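These notes concern the structure reproduced below.
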Amino acid sequence: MSNYKNYEHITLDKVRHTCEICNSDALTEVVSWADFPFTEVYIPSDSYVPETYARSDLVLQYCESCTHCQLKNVVDQKLVYGEGSDYIFRSSQSYSARKSYETFLEFAGKVINNDSMGNVLEVGCNDLYMIQYMKDHFTSYTGIDPVLGKLDTTDLPDNCHVVADFFENVCLENTPDVVICKDVLEHVVEPFSFIEKLVEKGNDDTLFLVQVPIMETICSGRRFDQVFHQHLNYYSRHSFEVMLQRLNCSLEYFDINHFHWGVGLFAFKKGKATLSDKQVNLAEISHARDVFLQRMKVAQDCLEQQAGLGPLVGFGAGLMLSVYAYHIPALELLSFIIDDDETKHQTKCLHLQKKIKSSSDIDFSNVALILAAVSSRANVLKMMNKAIEWTPRNIINVAYEI
Numbered sequence: 032m033s034n035y036k037n038y039e040h041i042t043l044d045k046v047r048h049t050c051e052i053c054n055s056d057a058l059t060e061v062v063s064w065a066d067f068p069f070t071e072v073y074i075p076s077d078s079y080v081p082e083t084y085a086r087s088d089l090v091l092q093y094c095e096s097c098t099h100c101q102l103k104n105v106v107d108q109k110l111v112y113g114e115g116s117d118y119i120f121r122s123s124q125s126y127s128a129r130k131s132y133e134t135f136l137e138f139a140g141k142v143i144n145n146d147s148m149g150n151v152l153e154v155g156c157n158d159l160y161m162i163q164y165m166k167d168h169f170t171s172y173t174g175i176d177p178v179l180g181k182l183d184t185t186d187l188p189d190n191c192h193v194v195a196d197f198f199e200n201v202c203l204e205n206t207p208d209v210v211i212c213k214d215v216l217e218h219v220v221e222p223f224s225f226i227e228k229l230v231e232k233g234n235d236d237t238l239f240l241v242q243v244p245i246m247e248t249i250c251s252g253r254r255f256d257q258v259f260h261q262h263l264n265y266y267s268r269h270s271f272e273v274m275l276q277r278l279n280c281s282l283e284y285f286d287i288n289h290f291h292w293g294v295g296l297f298a299f300k301k302g303k304a305t306l307s308d309k310q311v312n313l314a315e316i317s318h319a320r321d322v323f324l325q326r327m328k329v330a331q332d333c334l335e336q337q338a339g340l341g342p343l344v345g346f347g348a349g350l351m352l353s354v355y356a357y358h359i360p361a362l363e364l365l366s367f368i369i370d371d372d373e374t375k376h377q378t379k380c381l382h383l384q385k386k387i388k389s390s391s392d393i394d395f396s397n398v399a400l401i402l403a404a405v406s407s408r409a410n411v412l413k414m415m416n417k418a419i420e421w422t423p424r425n426i427i428n429v430a431y432e433i
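Residue numbers for the sequence shown follow the working numbering, beginning at 32 and rising by one.
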């Protein structure tokens with residue numbers, strides 16, 4: 032976090048008063064968290080930055096017209112993703128994200144009728160991890176993402192072209208046969224106009240493949256820890272179909288990846304849309320939120336009790352660590368955090384400033400191990416298996432879900 036002073040006073044790009052999907056002003060606040068921390072902000076372990084930095088009020092709105100959920104306050108996007116930002120998520124470095132590519136391509140295989148995807152456009156390609164999965168299945172590939180400006184892209188195959196910019200600023204030379212937009216639309220300030228421009232780049236045969244967080248699984252899993260500043264939009268199947276209907280597009284296939292954030296996978300083309308009957312209602316969301324908050328209180332009580340029996344050690348310096356520190360203040364009782372990613376050993380989370388070190392040479396016999404990188408089920412299962420090998424006196428999952 033070299034530019035930490037930029038995080039002292041957070042500015043807003045936009046305050047939303049209407050739904051970004053259907054333009055309705057029938058918005059109800061379902062979450063309001065003051066001074067909510069930014070995720071993914073790590074600082075050098077020997078530095079001091081006040082924990083009051085990188086915080087802003089978070090308000091989640093529910094649209095009673097189309098069931099879309101969105102953040103009311105859109106924080107400065109240049110601060111989050113711009114050239115001088117500290118946005119550090121990389122697909123290739125995340126076990127859950129890597130596994131999600133396998134599921135995503137299985138999903139694509141169900142709706143693509145042949146082995147070749149033709150001309151592929153990937154919007155939000157991150158660190159180009161998708162290419163290694165797709166290299167034998169496309170004629171040409173174009174990847175667009177502002178974070179590419181921080182990466183070395185000189186060794187790409189000749190049929191691959193990348194642009195380090197936002198999609199809205201890019202002119203395409205070829206009409207894509209397949210458009211991939213994975214883990215992008217949750218970050219977009221104006222998602223309807225974004226998708227509208229994306230659809231304009233295709234023709235009647237272009238297949239659009241989209242992966243986004245959905246409220247159905249956030250509610251069913253009581254996973255409001257998945258609500259944070261970088262994710263501006265939380266779709267439902269119904270709200271996504273409302274958007275497609277407005278764009279004269281038709282949903283071809285829908286699925287859910289329960290092991291990676293419970294995300295929804297949507298495949299669509301231009302055509303006549305239909306709307307699903309099942310909708311996520313306000314009462315369901317409010318109940319799920321209340322159960323989540325109760326779980327956080329239980330986790331708080333559990334950690335306080337376990338701290339009286341011996342050391343607490345965190346397992347996993349995940350990018351969402353600040354969210355759990357906000358909801359569970361007792362995480363301050365951790366002695367340290369173990370993570371075998373050596374690149375993290377000289378850093379600490381701004382909002383939970385505990386030493387991060389390797390798991391080697393640690394006696395776990397009297398330790399309560401706190402699973403702290405639990406955003407996805409895939410991560411939890413992997414960490415749980417490793418934790419059992421270490422035989423600590425207790426293992427606690429702060430998310431209370433596997």
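Glycine residues also receive a C-beta, built at the ideal position from the N, C-alpha and C atoms.
These numbers come from a predicted model, not from an experiment.
Practice problem: Taking all protein chains shown into account, decide if E39 is buried (16 or more other Cβ within 10 angstroms of its Cβ) or exposed. | Solution: exposed
Practice problem: State the start and end residues of the unbroken beta strand (DSSP E) segment that holds I401. | Solution: A399 to L402
Exercise. Note down, in chain order, each residue of its chain lying with its Cβ closer than 7 Å to the Cβ of V90, except the 5 sequence neighbours on either side.
Key: E60, V62, S63, L102, K103 and N104
Quiz item: Among the residues of its own chain, which have a CB less than 7 Å from the CB of N234, if the five just before and after it don't count?
Solution: T206
Practice problem: Quick one: residues in its chain with C-beta nearer than 7 Å to the C-beta of L343, no 5 flanking neighbours on either side, listed in chain order? | Solution: L334, Q337, L364, L365, S366, A399 and I401
Exercise. Would you kindly work out how many angstroms separate the C-alpha atoms of L240 and T134, rounded to a whole number?
Key: 13 Å
Exercise. Tell me, to the nearest whole angstrom, how far the beta carbon of S267 is from that of Q310; I am working on the premise that it is less than 8 Å.
Key: 7 Å
Quiz item: With DSSP run on the structure shown, which of helix, strand or coil describes V322?
Solution: helix
Exercise. May I have the straight-line CA-CA distance separating D321 from N397, to the nearest angstrom?
Key: 34 Å
Quiz item: E204: buried (16+ other C-beta within 10 angstroms of its C-beta) or exposed?
Solution: E204 comes out exposed.
Exercise. Quick one: residues in its chain with C-beta nearer than 7 Å to the C-beta of C280, no 5 flanking neighbours on either side, listed in chain order?
Key: The residues V230, F299, K300, K301, G302 and A304, in chain order, have a CB closer than 7 Å to that of C280 in the same chain once the five nearest residues on each side in sequence are set aside.
Exercise. Would you check if there are 3 or more beta carbon pairs closer than 8 Å linking the stretch 384-397 to the stretch 289-296?
Key: no
Quiz prompt | Bounding residues of the alpha helix (DSSP H) (the contiguous stretch that carries W421) | solution = Where W421 is concerned, the enclosing alpha helix (DSSP H) stretches over R408 to W421.
Quiz prompt | Counted within 10 angstroms of its Cβ, other Cβ atoms place G313 as buried (16 or more) or exposed | solution = Going by the sequence as given, residue 313 is Leu instead of Gly. Answer is exposed; the Cβ neighbour count stays below 16.
Quiz item: How would you label V258, buried or exposed, when you count the other beta carbons within 10 angstroms and need 16 or more for buried?
Solution: By the 16-neighbour rule on beta-carbons within 10 angstroms, V258 is buried.
Quiz item: How many Å lie between M32 and G347 at the Cα?
Solution: Note that M32 scores 49 on pLDDT, short of 50, meaning its location in the model is unreliable and no value can be drawn from it.
Quiz item: Does the separation of the CB atoms of N199 and G174 fall below 7 Å?
Solution: The amino acid occupying residue 199 in the given sequence is Glu; Asn does not appear at that position. Cβ distance not < 7 Å, so E199 and G174 don't count as in contact.
Self-check item: Among T248, L58 and I162, nearest to P188 - alpha-carbon criterion
Solution: By alpha-carbon distance to P188, the top candidate from T248, L58 and I162 is I162.
Self-check item: Cβ-Cβ distance between S96 and A57 below 7 Å
Solution: yes
Quiz prompt | Under 7 Å between C-beta atoms of T378 and Y73 | solution = yes
Quiz item: Among T49, H376, Y164 and R253, which residue has its Cα nearest to the Cα of I316?
Solution: R253
Quiz item: In terms of residues, what are the limits of the alpha helix (DSSP H) holding P222?
Solution: P222 to E231
Quiz item: Do E106 and S87 have their CB atoms nearer than 7 Å?
Solution: The question names Glu, but residue 106 is Val in the sequence shown. Yes, the Cβ-Cβ distance between V106 and S87 is below 7 Å.
Quiz item: Which one or two residues does DSSP pair with Q101 in a beta bridge?
Solution: Q92 and N264
Quiz item: Got a sec, what are the start and stop residues for the alpha helix (DSSP H) S353 sits in?
Solution: L352 to H358
Quiz prompt | Residue burial classification, H262 (beta-carbon count within 10 angstroms, cutoff 16) | solution = buried
Quiz item: Going by other Cβ atoms of all chains shown within 10 Å of its Cβ, with 16 needed for buried, is I419 buried or exposed?
Solution: exposed
Quiz item: Hey, would you say T70 sits closer than 7 Å to L362, going by beta carbons?
Solution: Between T70 and L362, the gap from beta carbon to beta carbon reaches 7 Å or more.
Quiz item: Per DSSP, which one or two residues make a beta bridge with G341?
Solution: According to DSSP, which records beta bridges pairwise, G341 is partnered with nothing at all.
Quiz item: Where in the stretch 153-196 do unbroken runs of the alpha helix (DSSP H), each at least 4 residues long, occur, reported from the N-terminal end onward?
Solution: Within the stretch 153-196, the complete alpha helix (DSSP H) runs of at least 4 residues are 160-165.
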